[in-house]
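Okay, so here's the structure we're looking at.
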Amino acid sequence: MVSVIAGSSSEDIAKKLAKKIKANLIKTEVKVFPDGENKITLKGKFSKGKIIVVQSIYPPVDSNLFQALSLISKAREYSSEVLVVIPYLGYARQDREFLPGEIVSMKVLGNLFKGVGASKIIVVDIHSKIGLKHFKIKSQNITAILDLVGYFKKLNLKNPLVISPDQGGKQRAKEFANQYKSDFIALKKQRDRKTGKVQIKNDNLEEVRGRDLILVDDMISTGGSIVKATEFLKKQKCKRVFVACTHALLINDAEKKIRKAGVTKIISANTIPGKTSFVDISNTIAKAIK
Ligand code: R5P
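The opening residue of the sequence shown carries number 532 in my numbering; numbering runs sequentially from there.
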């Protein structure tokens with residue numbers, strides 16, 4: 532029988548996944564000592580066979596990463612097949628040396644996962660597939676787009692338009708629009724690599740006037756990209772702006788800033804559990820595993 536270890540950052544997905552694939556669920560208990568060290572205890576026994584570790588790597592990123600590595604390492608003592616599901620993979624944006632001297636953290640992560648004994652890694656809507664090229668074990672990127680589209684279909688928006696906040700997300704927005712049966716546009720976003728400041732460089736966009744819009748992105752961190760895109764789109768006299776994203780990190784007051792910019796609703800997947808994670812992706816993960 533397959534065992535699913537529910538890492539502390541992905542308890543809900545792991546529980547749903549174990550139920551769907553009829554696996555033995557092993558919970559974990561994490562105690563954080565005053566000096567910040569994690570003490571991880573498994574609450575359950577392994578069955579013979581494959582082990583699936585489910586643990587997202589969102590803030591506190593390094594703590595959740597360490598927990599993932601520890602769980603994989605423990606699982607490897609019991610099984611030669613350890614499948615690792617990382618619904619949100621922190622560090623994925625550090626996939627190349629953008630400025631001289633920068634460390635490619637995805638390379639480091641690849642070495643760590645291999646070192647502790649992972650057989651294969653499944654991630655959801657990774658920022659860029661370049662990141663997975665650094666992994667020397669099998670890896671697979673799956674998408675939450677169909678699940679997000681399913682949510683939006685139920686909203687019955689009239690004549691909506693899908694927007695990517697930047698050219699890098701064009702393919703994602705196109706895929707969303709294809710499934711959702713609408714048009715799409717990709718804005719021209721520019722980010723200063725040193726300050727992180729974001730600007731939208733488009734001229735006027737007649738197509739958005741009077742229409743409900745869905746901004747599709749892989750993730751929201753500080754909210755800067757969504758705020759700038761929304762401010763621009765509101766100036767173009769669009770109707771409502773909705774946000775569909777897989778990973779809503781919503782650091783500090785990002786949600787407040789996004790609402791202030793005029794966004795009606797943020798809808799994200801439960802790769803990062805929170806106030807906006809209306810969309811469950813355990814079914815999509817279960818399908819990928821079978
Ligand atoms: C960037 O290319 C990504 O797709 C996201 O748009 C970006 O990482 C979001 O970050 P923030 O919310 O800080 O603008």
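Beta carbons are placed, not taken as given, at the ideal position from N, Cα and C, and that holds for glycine.
Note that the structure is a prediction, hence the values are computed from the model and not measured.
In this structure Lys-576 is exposed. Its beta-carbon is surrounded by fewer than 16 other beta-carbon atoms within 10 angstroms.
Approximately 12 Å separates the beta-carbon atoms of Lys-651 and Lys-667; this is outside 8 Å, ruling out the contact. Contact between the stretch 598 to 608 and the stretch 622 to 632 is absent: fewer than three C-beta pairs spanning the two stretches fall below 8 Å.
Here Gln-721 carries a strand assignment [DSSP, helix/strand/coil]. When the Cα atoms are used, Arg-724 and Ile-634 turn out to be separated by approximately 15 Å.
Proximity of the beta carbon of Gly-621 to the ligand R5P is not indicated: no heavy atom of the ligand is located closer than 6 Å. The beta carbon of Met-750 sits closer than 6 Å to at least one heavy atom of the ligand R5P. The DSSP assignment places complete beta strand (DSSP E) segments of no fewer than 3 residues inside the stretch 584 to 629 at 613 to 617, in order along the chain.
The straight-line gap separating the alpha-carbon atoms of Gly-754 and Lys-579 is approximately 44 Å. Residue nearest to Asp-743 within the set Glu-706, Val-563, Val-729 and Leu-688 is Leu-688 (criterion: CA-CA distance). For secondary structure counted as the beta strand (DSSP E) over 3 or more consecutive residues, the stretch 666 to 743 holds these complete runs in sequence order: 669 to 673, 692 to 695, 714 to 717, 720 to 722 and 729 to 731.
Note: Glu-560 is bridge-paired with Thr-572 in the DSSP secondary-structure output. Sequence-distant partners of Val-810 (beyond 5 residues in either direction) whose C-beta falls short of 8 Å from its own C-beta, in its chain, are Ala-675, Asp-678, Leu-679, Gly-681, Tyr-682, Ile-798, Ser-799, Ala-800 and Asn-801.
Of all alpha-carbon atoms in Leu-686, Val-639, Lys-684 and Lys-685, the one lying nearest the alpha-carbon of Leu-663 is that of Val-639. Looking at Tyr-711, Ser-611, Arg-722 and Leu-620, the one whose alpha-carbon comes closest to that of Pro-591 is Leu-620. Residue range 636 to 647 is occupied by the alpha helix (DSSP H) that includes Val-639.
Collapsing the DSSP output to three states places Phe-577 in coil. Short note on Ser-659: C-beta not closer than 6 Å to any heavy atom of the ligand R5P. Val-739 and Ile-820 have their C-alpha atoms roughly 40 Å apart.
In this structure, the C-beta of Ser-808 stays at least 6 Å away from each heavy atom of the ligand R5P. Per the C-alpha coordinates, the member of Leu-718, Asn-783 and Lys-770 positioned closest to Lys-796 is Lys-770.
In this structure, Ser-541 sits away from Asn-555, with a CB-CB distance that is not shorter than 7 Å. Short of 6 Å from the beta carbon of Gln-730, and not among the five residues preceding or following it, lie these beta carbons of its own chain, in chain order: Gln-721.
In chain order, Ala-704, Phe-707, Ala-708, Ser-713, Phe-715, Ile-745 and Val-747 place their CB closer than 6 Å to the CB of Val-693, counting only its own chain and leaving out the 5 sequence neighbours on each side. Boundaries around Ala-760 are those of the alpha helix (DSSP H), 755 to 766, since no beta strand (DSSP E) includes it. In the DSSP assignment, Ile-798 falls within the beta strand (DSSP E) that extends over 794 to 799.
At least 7 Å separates the beta-carbon of Asn-735 from that of Leu-718. Per DSSP, reduced to three states, the secondary structure at Thr-802 is coil, with no helix or strand assignment.
Less than 7 Å divides the Cβ of Ile-603 from the Cβ of Val-584. When the Cα atoms are used, Glu-612 and Gly-648 turn out to be separated by approximately 9 Å.
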